[in-house]
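Below is one structure, written out as C-alpha coordinates; the observations come after it.
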Amino acid sequence: MKRKFTFHPKDYAIGQIEKYYSDMAAKGWHLEHRNIFTSSFLQGEPKDMKYRVEVASPKAFDSTRLPEEQVAVYEDCGWEYVWGHGFIHIFRAPADSDTEEFYLDPAQQADTLKKLRKDIFFRARWIPFYLFFFNFLLDTLSGTNVIANMYRAWISLTGMMVWSSLFIGIIFAETLYGAIQINRLYKNLKKGKPLDHRPKQQSKIPVIIKNCLLALSFALLIHSTTLENEYPMPAESDGMYVTLSEYGISGERSTAQESEVGSYASPFCQWWDCREVLAQPNTWLYQTVYVMKSEKQTANMARCLMDTSTFAQKAENFSEMTVEGFDKVYYNSHLELVVIKGRYVGRFNSIFTQESRDALLTVLKEKWA
(Lines of atoms letter the chains of each structure in order from A and count residues from 1; the text may use other names and numbers.)
(Lines give C-alpha, C1' and ligand atoms only; values in the text may rest on other atoms or scores of the structure.)
Protein backbone atom coordinates (compact mmCIF):
# COMPACT_ATOMS: atom_id res chain seq x y z
CA MET A 1 0.00 0.00 0.00
CA LYS A 2 1.41 3.35 -1.04
CA ARG A 3 2.21 5.93 1.60
CA LYS A 4 2.56 9.69 1.14
CA PHE A 5 4.01 12.40 3.37
CA THR A 6 2.99 16.06 3.15
CA PHE A 7 3.35 19.24 5.16
CA HIS A 8 0.09 20.06 6.87
CA PRO A 9 -1.58 23.26 8.17
CA LYS A 10 -0.31 24.55 11.50
CA ASP A 11 -2.01 23.75 14.80
CA TYR A 12 -3.66 27.17 15.02
CA ALA A 13 -5.50 26.69 11.67
CA ILE A 14 -8.21 24.34 12.97
CA GLY A 15 -10.60 24.80 10.04
CA GLN A 16 -7.78 24.50 7.51
CA ILE A 17 -6.66 21.22 9.12
CA GLU A 18 -10.14 19.74 8.78
CA LYS A 19 -10.52 20.90 5.18
CA TYR A 20 -7.04 19.68 4.24
CA TYR A 21 -7.62 16.11 5.41
CA SER A 22 -11.09 16.02 3.80
CA ASP A 23 -9.62 17.17 0.48
CA MET A 24 -6.87 14.54 0.69
CA ALA A 25 -9.46 11.81 1.36
CA ALA A 26 -11.40 12.92 -1.73
CA LYS A 27 -8.21 12.28 -3.72
CA GLY A 28 -7.78 8.81 -2.24
CA TRP A 29 -5.23 9.69 0.43
CA HIS A 30 -6.42 8.83 3.94
CA LEU A 31 -4.71 10.14 7.06
CA GLU A 32 -2.55 7.61 8.88
CA HIS A 33 -0.82 9.80 11.46
CA ARG A 34 0.24 13.38 12.11
CA ASN A 35 3.42 14.70 13.73
CA ILE A 36 4.84 18.18 14.27
CA PHE A 37 5.44 19.16 10.65
CA THR A 38 4.11 16.42 8.38
CA SER A 39 1.22 14.01 7.98
CA SER A 40 1.39 10.55 6.42
CA PHE A 41 -1.40 9.16 4.25
CA LEU A 42 -2.25 5.71 2.93
CA GLN A 43 -3.59 5.43 -0.60
CA GLY A 44 -7.07 3.99 -1.04
CA GLU A 45 -10.36 4.63 -2.75
CA PRO A 46 -11.39 8.28 -2.95
CA LYS A 47 -14.01 8.96 -0.29
CA ASP A 48 -16.09 11.92 0.76
CA MET A 49 -15.07 12.25 4.41
CA LYS A 50 -15.39 14.92 7.05
CA TYR A 51 -12.64 15.45 9.58
CA ARG A 52 -12.90 17.16 12.92
CA VAL A 53 -10.25 18.42 15.31
CA GLU A 54 -10.49 18.11 19.07
CA VAL A 55 -8.02 20.34 20.91
CA ALA A 56 -6.73 19.00 24.22
CA SER A 57 -3.69 19.85 26.30
CA PRO A 58 -1.11 17.00 26.40
CA LYS A 59 -0.51 17.86 30.07
CA ALA A 60 -4.07 16.83 30.93
CA PHE A 61 -3.27 13.11 30.56
CA ASP A 62 -0.21 10.89 30.46
CA SER A 63 -0.51 9.59 26.89
CA THR A 64 -0.19 11.60 23.67
CA ARG A 65 -3.58 10.19 22.72
CA LEU A 66 -6.94 11.01 24.26
CA PRO A 67 -8.18 8.85 27.16
CA GLU A 68 -10.05 5.74 26.04
CA GLU A 69 -13.26 6.78 27.80
CA GLN A 70 -13.28 10.12 25.97
CA VAL A 71 -12.60 8.42 22.63
CA ALA A 72 -15.41 5.95 23.33
CA VAL A 73 -17.90 8.81 23.66
CA TYR A 74 -16.98 10.16 20.23
CA GLU A 75 -16.98 6.70 18.67
CA ASP A 76 -20.48 6.06 20.02
CA CYS A 77 -21.50 9.18 18.09
CA GLY A 78 -20.04 7.74 14.88
CA TRP A 79 -16.59 9.34 14.85
CA GLU A 80 -13.39 7.36 14.23
CA TYR A 81 -10.33 8.43 16.21
CA VAL A 82 -7.47 8.62 13.71
CA TRP A 83 -4.51 10.14 15.49
CA GLY A 84 -3.44 12.47 18.26
CA HIS A 85 -0.27 14.51 18.62
CA GLY A 86 0.35 17.42 20.95
CA PHE A 87 -2.77 19.55 21.19
CA ILE A 88 -4.37 18.21 17.99
CA HIS A 89 -6.55 15.08 17.89
CA ILE A 90 -8.11 14.01 14.61
CA PHE A 91 -11.49 12.30 14.10
CA ARG A 92 -13.27 11.40 10.87
CA ALA A 93 -16.59 10.10 9.61
CA PRO A 94 -18.33 9.72 6.23
CA ALA A 95 -19.47 13.11 4.97
CA ASP A 96 -23.07 11.93 4.51
CA SER A 97 -23.32 10.43 8.01
CA ASP A 98 -25.58 11.98 10.63
CA THR A 99 -22.85 12.19 13.26
CA GLU A 100 -23.30 14.97 15.76
CA GLU A 101 -20.85 17.85 15.83
CA PHE A 102 -18.49 18.01 18.79
CA TYR A 103 -19.79 21.36 19.93
CA LEU A 104 -23.18 22.94 19.36
CA ASP A 105 -22.17 26.01 21.35
CA PRO A 106 -19.15 27.83 19.82
CA ALA A 107 -18.33 29.39 23.19
CA GLN A 108 -17.87 25.90 24.62
CA GLN A 109 -15.40 25.06 21.86
CA ALA A 110 -13.55 28.32 22.55
CA ASP A 111 -12.79 27.05 26.04
CA THR A 112 -10.92 24.07 24.55
CA LEU A 113 -8.58 26.47 22.74
CA LYS A 114 -7.35 28.21 25.88
CA LYS A 115 -4.36 25.93 26.45
CA LEU A 116 -3.32 25.96 22.78
CA ARG A 117 -3.77 29.74 22.67
CA LYS A 118 -1.67 30.13 25.80
CA ASP A 119 1.05 27.86 24.40
CA ILE A 120 1.30 29.79 21.11
CA PHE A 121 1.28 33.16 22.90
CA PHE A 122 3.99 31.89 25.24
CA ARG A 123 6.22 30.97 22.30
CA ALA A 124 5.65 34.32 20.57
CA ARG A 125 6.22 36.33 23.73
CA TRP A 126 9.54 34.68 24.56
CA ILE A 127 11.22 34.93 21.14
CA PRO A 128 12.45 38.55 21.68
CA PHE A 129 13.75 37.53 25.10
CA TYR A 130 15.66 34.57 23.62
CA LEU A 131 17.24 36.83 21.00
CA PHE A 132 18.24 39.40 23.64
CA PHE A 133 19.63 36.69 25.93
CA PHE A 134 21.59 35.12 23.06
CA ASN A 135 23.20 38.46 22.21
CA PHE A 136 23.93 39.13 25.89
CA LEU A 137 25.54 35.70 26.20
CA LEU A 138 27.71 36.31 23.14
CA ASP A 139 28.77 39.66 24.53
CA THR A 140 29.61 38.20 27.94
CA LEU A 141 31.48 35.14 26.69
CA SER A 142 33.42 36.83 23.92
CA GLY A 143 34.24 39.95 25.91
CA THR A 144 33.97 41.90 22.68
CA ASN A 145 31.45 44.02 20.85
CA VAL A 146 28.51 41.90 19.64
CA ILE A 147 27.52 44.46 16.99
CA ALA A 148 31.06 44.40 15.60
CA ASN A 149 31.03 40.60 15.57
CA MET A 150 27.69 40.60 13.77
CA TYR A 151 28.93 43.11 11.19
CA ARG A 152 32.01 41.01 10.49
CA ALA A 153 29.84 37.92 10.18
CA TRP A 154 27.49 39.62 7.69
CA ILE A 155 30.43 40.79 5.57
CA SER A 156 32.59 37.68 5.70
CA LEU A 157 30.07 34.86 6.35
CA THR A 158 27.23 36.27 4.27
CA GLY A 159 25.74 32.95 3.18
CA MET A 160 25.47 31.60 6.71
CA MET A 161 24.10 34.87 8.10
CA VAL A 162 21.49 35.30 5.36
CA TRP A 163 20.21 31.75 5.71
CA SER A 164 20.17 31.70 9.53
CA SER A 165 18.60 35.17 9.81
CA LEU A 166 15.92 34.30 7.27
CA PHE A 167 15.24 31.00 9.02
CA ILE A 168 14.91 32.67 12.44
CA GLY A 169 12.83 35.47 10.93
CA ILE A 170 10.39 33.01 9.35
CA ILE A 171 10.00 31.13 12.64
CA PHE A 172 9.33 34.42 14.44
CA ALA A 173 6.84 35.59 11.77
CA GLU A 174 4.97 32.27 11.71
CA THR A 175 4.79 32.16 15.51
CA LEU A 176 3.47 35.72 15.63
CA TYR A 177 0.98 34.98 12.83
CA GLY A 178 -0.17 31.86 14.67
CA ALA A 179 -0.74 33.87 17.85
CA ILE A 180 -2.86 36.38 15.92
CA GLN A 181 -4.88 33.68 14.15
CA ILE A 182 -5.63 31.56 17.23
CA ASN A 183 -6.63 34.69 19.14
CA ARG A 184 -8.99 35.72 16.32
CA LEU A 185 -10.54 32.24 16.24
CA TYR A 186 -10.94 32.23 20.01
CA LYS A 187 -12.70 35.61 20.01
CA ASN A 188 -15.03 34.60 17.15
CA LEU A 189 -16.05 31.42 18.95
CA LYS A 190 -16.61 33.36 22.16
CA LYS A 191 -18.94 35.67 20.23
CA GLY A 192 -20.96 32.66 19.10
CA LYS A 193 -19.62 32.44 15.55
CA PRO A 194 -19.22 28.73 14.71
CA LEU A 195 -16.00 27.31 13.32
CA ASP A 196 -15.84 27.20 9.53
CA HIS A 197 -15.04 23.56 8.74
CA ARG A 198 -14.31 24.30 5.08
CA PRO A 199 -12.68 27.75 4.96
CA LYS A 200 -11.46 29.33 1.76
CA GLN A 201 -8.22 27.97 0.38
CA GLN A 202 -5.35 30.08 1.63
CA SER A 203 -3.10 31.65 -0.98
CA LYS A 204 0.00 29.59 -1.70
CA ILE A 205 1.98 32.65 -2.76
CA PRO A 206 3.44 33.39 0.73
CA VAL A 207 4.50 29.75 1.09
CA ILE A 208 6.08 29.76 -2.37
CA ILE A 209 7.93 33.00 -1.63
CA LYS A 210 9.13 31.66 1.74
CA ASN A 211 10.38 28.41 0.21
CA CYS A 212 12.09 30.23 -2.66
CA LEU A 213 13.87 32.59 -0.26
CA LEU A 214 15.00 29.68 1.91
CA ALA A 215 16.18 27.75 -1.13
CA LEU A 216 18.11 30.72 -2.54
CA SER A 217 19.71 31.54 0.81
CA PHE A 218 20.62 27.87 1.33
CA ALA A 219 22.16 27.79 -2.16
CA LEU A 220 24.20 30.88 -1.20
CA LEU A 221 25.28 29.10 1.99
CA ILE A 222 26.37 25.99 0.08
CA HIS A 223 28.16 28.12 -2.53
CA SER A 224 30.06 30.00 0.17
CA THR A 225 31.25 26.73 1.73
CA THR A 226 32.77 25.72 -1.62
CA LEU A 227 34.92 28.87 -1.43
CA GLU A 228 36.34 27.92 1.97
CA ASN A 229 39.80 26.38 2.11
CA GLU A 230 41.82 25.59 5.23
CA TYR A 231 45.33 24.20 4.92
CA PRO A 232 48.78 24.19 6.58
CA MET A 233 50.60 27.47 6.05
CA PRO A 234 53.08 27.18 3.16
CA ALA A 235 56.67 28.38 3.43
CA GLU A 236 55.82 31.34 1.20
CA SER A 237 52.56 33.29 1.32
CA ASP A 238 50.05 32.38 -1.39
CA GLY A 239 47.65 35.21 -0.59
CA MET A 240 47.45 38.73 0.78
CA TYR A 241 48.69 37.61 4.19
CA VAL A 242 52.36 37.63 5.26
CA THR A 243 54.66 35.08 6.86
CA LEU A 244 57.16 35.81 9.62
CA SER A 245 60.07 35.02 7.31
CA GLU A 246 58.90 37.69 4.84
CA TYR A 247 59.76 40.44 7.31
CA GLY A 248 62.93 38.92 8.67
CA ILE A 249 61.88 36.52 11.44
CA SER A 250 62.90 32.99 10.53
CA GLY A 251 62.95 29.77 12.50
CA GLU A 252 61.49 26.32 12.87
CA ARG A 253 57.71 26.19 13.04
CA SER A 254 56.13 24.60 16.09
CA THR A 255 54.77 21.06 15.81
CA ALA A 256 52.71 21.43 18.99
CA GLN A 257 50.60 24.22 17.48
CA GLU A 258 50.17 23.96 13.73
CA SER A 259 50.65 27.00 11.53
CA GLU A 260 47.64 27.20 9.23
CA VAL A 261 45.74 29.34 6.75
CA GLY A 262 42.01 29.74 6.26
CA SER A 263 41.00 31.23 2.91
CA TYR A 264 37.40 32.40 2.43
CA ALA A 265 35.23 34.48 0.11
CA SER A 266 31.85 36.20 0.26
CA PRO A 267 29.93 38.62 -2.00
CA PHE A 268 31.62 41.48 -0.12
CA CYS A 269 35.21 40.37 0.29
CA GLN A 270 37.95 37.80 0.09
CA TRP A 271 39.76 37.15 3.35
CA TRP A 272 42.38 35.09 5.12
CA ASP A 273 42.60 34.04 8.75
CA CYS A 274 46.10 32.82 9.58
CA ARG A 275 48.19 31.55 12.46
CA GLU A 276 51.95 31.02 12.40
CA VAL A 277 53.88 29.78 15.43
CA LEU A 278 57.65 29.30 15.62
CA ALA A 279 59.29 27.00 18.16
CA GLN A 280 62.71 28.59 17.77
CA PRO A 281 62.66 31.50 18.34
CA ASN A 282 59.49 31.35 20.43
CA THR A 283 57.27 33.81 18.57
CA TRP A 284 53.94 33.92 16.76
CA LEU A 285 51.82 35.92 14.34
CA TYR A 286 48.04 35.86 14.13
CA GLN A 287 46.46 37.82 11.30
CA THR A 288 43.16 38.46 9.58
CA VAL A 289 43.36 40.13 6.18
CA TYR A 290 40.44 41.34 4.06
CA VAL A 291 40.31 42.45 0.44
CA MET A 292 37.05 44.37 0.30
CA LYS A 293 35.00 44.79 -2.87
CA SER A 294 34.71 48.50 -2.09
CA GLU A 295 37.10 50.90 -0.37
CA LYS A 296 34.09 52.43 1.40
CA GLN A 297 33.86 49.30 3.56
CA THR A 298 37.44 49.28 4.84
CA ALA A 299 36.97 51.89 7.58
CA ASN A 300 34.00 50.01 9.07
CA MET A 301 35.87 46.71 8.89
CA ALA A 302 38.94 48.24 10.56
CA ARG A 303 36.72 49.54 13.36
CA CYS A 304 35.22 46.07 13.80
CA LEU A 305 38.67 44.46 13.87
CA MET A 306 39.69 46.84 16.65
CA ASP A 307 36.45 46.32 18.59
CA THR A 308 36.91 42.53 18.43
CA SER A 309 40.65 42.51 19.09
CA THR A 310 42.09 40.07 21.61
CA PHE A 311 43.97 42.51 23.81
CA ALA A 312 42.58 46.01 23.26
CA GLN A 313 38.96 44.77 22.87
CA LYS A 314 37.75 48.16 21.61
CA ALA A 315 38.81 50.79 19.10
CA GLU A 316 39.30 53.49 21.74
CA ASN A 317 42.31 51.58 23.10
CA PHE A 318 44.16 51.88 19.78
CA SER A 319 46.36 54.80 18.81
CA GLU A 320 46.74 56.12 15.27
CA MET A 321 50.12 56.57 13.64
CA THR A 322 51.03 58.10 10.28
CA VAL A 323 52.90 55.81 7.91
CA GLU A 324 53.64 56.78 4.32
CA GLY A 325 51.90 54.58 1.79
CA PHE A 326 48.98 53.61 4.06
CA ASP A 327 45.57 55.19 4.51
CA LYS A 328 45.43 54.40 8.24
CA VAL A 329 47.58 52.53 10.73
CA TYR A 330 46.43 51.83 14.29
CA TYR A 331 48.38 50.09 17.05
CA ASN A 332 47.81 48.88 20.59
CA SER A 333 51.01 48.81 22.61
CA HIS A 334 53.41 46.29 21.05
CA LEU A 335 50.81 43.57 20.54
CA GLU A 336 48.28 44.59 17.88
CA LEU A 337 48.32 46.41 14.58
CA VAL A 338 45.39 47.33 12.28
CA VAL A 339 46.26 48.57 8.80
CA ILE A 340 44.22 50.06 5.91
CA LYS A 341 45.51 50.51 2.37
CA GLY A 342 43.04 50.94 -0.48
CA ARG A 343 40.70 47.93 -0.47
CA TYR A 344 42.97 46.06 1.95
CA VAL A 345 42.48 45.96 5.70
CA GLY A 346 44.14 43.65 8.19
CA ARG A 347 44.74 43.01 11.87
CA PHE A 348 48.06 41.58 13.04
CA ASN A 349 48.76 40.19 16.50
CA SER A 350 52.31 39.48 17.64
CA ILE A 351 54.94 40.74 20.05
CA PHE A 352 56.24 43.59 17.92
CA THR A 353 59.43 45.55 18.31
CA GLN A 354 59.86 48.86 16.53
CA GLU A 355 62.04 47.10 13.94
CA SER A 356 59.68 44.15 13.35
CA ARG A 357 56.65 46.43 13.08
CA ASP A 358 58.37 48.64 10.52
CA ALA A 359 59.53 45.57 8.59
CA LEU A 360 55.98 44.17 8.52
CA LEU A 361 54.59 47.47 7.22
CA THR A 362 57.25 47.57 4.50
CA VAL A 363 56.25 44.10 3.31
CA LEU A 364 52.55 44.99 3.40
CA LYS A 365 53.14 48.16 1.38
CA GLU A 366 54.64 46.07 -1.43
CA LYS A 367 52.20 43.16 -1.17
CA TRP A 368 49.12 45.39 -1.09
CA ALA A 369 50.33 47.71 -3.86
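Counted from 1, the sequence shown has number 194 at position 186 by the working numbering; the numbering is strictly sequential.
Glycine included, every Cβ here is placed at the ideal spot set by N, Cα and C.
(message) So if DSSP puts I98 in a beta bridge, which residue, or which two residues, is it bridged to?
(response) V61 and W91
(message) Could you tell me which whole alpha helix (DSSP H) segments of length 4 or greater appear in the stretch 248-336?
(response) Runs found: 306-315.
(message) Going by the DSSP bridge assignment, what does Y339 pair with across the sheet?
(response) S327 and L345
(request) Starting from the C-beta of F276, find all residues in its chain whose C-beta is less than 6 Å away, skip the five residues before and the five after it, and write them out in chain order. (result) Result list for F276: I163 and K301, in chain order.
(message) Checking 8 Å against the spacing of the C-beta atoms, do F49 and H38 come in under that value?
(response) Cβ atoms of F49 and H38: closer than 8 Å.
(message) What does the Cβ neighbour count give for Q209, buried or exposed, with the cut at 16 atoms within 10 Å?
(response) exposed
(message) Quick check: the stretch 312-320 against the stretch 153-163, are at least 3 beta-carbon pairs closer than 8 Å?
(response) yes
(message) Comparing C-alpha positions only, which one of Q117, H16 and W91 sits nearest to P202?
(response) Q117
(message) Could you check whether the Cβ of V347 sits closer than 8 Å to any Cβ belonging to chain D?
(response) In the structure shown, chain D does not exist; there is a single protein chain.
(message) Looking at P214: is its Cβ nearer than 8 Å to the Cβ of Q24?
(response) no
(request) Note down the Cα distance separating T251 from E363, rounded to an integer number of angstroms. (result) 16 Å
(message) Using a Cβ-based criterion (distance less than 7 Å to any ligand heavy atom), does P207 qualify as near the ligand NAD?
(response) The ligand NAD is absent from the structure shown, which contains no ligand whatsoever.
(request) Take every Cβ of the stretch 261-275, pair it with every Cβ of the stretch 314-329, and state whether three or more of those distances are shorter than 8 Å. (result) no
(message) Within the continuous beta strand (DSSP E) that includes Q51, where are the two ends?
(response) T46 to Q51
(message) Between L121, K67, V79 and Y59, which has its C-alpha nearest S105's C-alpha?
(response) Y59
(message) Could you compute how far the alpha carbon of E62 sits from the alpha carbon of C220?
(response) 34 Å
(message) Cutting at 7 Å between CB atoms, please list the residues of its own chain near V79, excluding the five before and the five after it.
(response) Apart from the 5 residues on each side of it in sequence, V79 sits with its Cβ closer than 7 Å to the Cβ of Y89 in its chain, given in chain order.
(request) Name the residue from G247, V285 and F15 whose alpha carbon lies nearest to the alpha carbon of A273. (result) G247
(message) Applying the 10 Å Cβ sphere with the 16-neighbour rule, what's the burial state of V297?
(response) buried
(request) At 3 residues or longer, and completely inside the stretch 158-242: list those beta strand (DSSP E) runs for me, N to C. (result) 237-240
(request) Go ahead and pull the three-state DSSP assignment for K55. (result) Reduced to three states, the DSSP call for K55 is coil.
(request) Can you tell me which of the three DSSP states G36 falls into? (result) coil
(message) Starting from T14, trace the beta strand (DSSP E) in both directions and tell me its first and last residue.
(response) Segment R11 to F15, the beta strand (DSSP E) holding T14.
(request) Compute the Euclidean distance between the alpha carbons of L235 and L229, then round it to the nearest angstrom. (result) Computed Cα separation, rounded: 10 Å.
(request) Rounded to whole angstroms, what's the CA-CA distance from K122 to E324? Just pull it up for me. (result) 53 Å
(request) Indicate the three-state DSSP secondary structure (helix, strand or coil) for Y82 in the structure shown. (result) helix
(message) Less than 8 Å between the beta carbons of V353 and M309, yes or no?
(response) yes
(message) Among H231, P114 and F130, whose alpha-carbon lies nearest the alpha-carbon of D204?
(response) P114
(request) Mind checking which residues open and close the alpha helix (DSSP H) that includes R365? (result) Q362 to K375
(message) My output table needs one value for G23: the three-state DSSP class, helix, strand or coil.
(response) G23 falls in the helix class under three-state DSSP.
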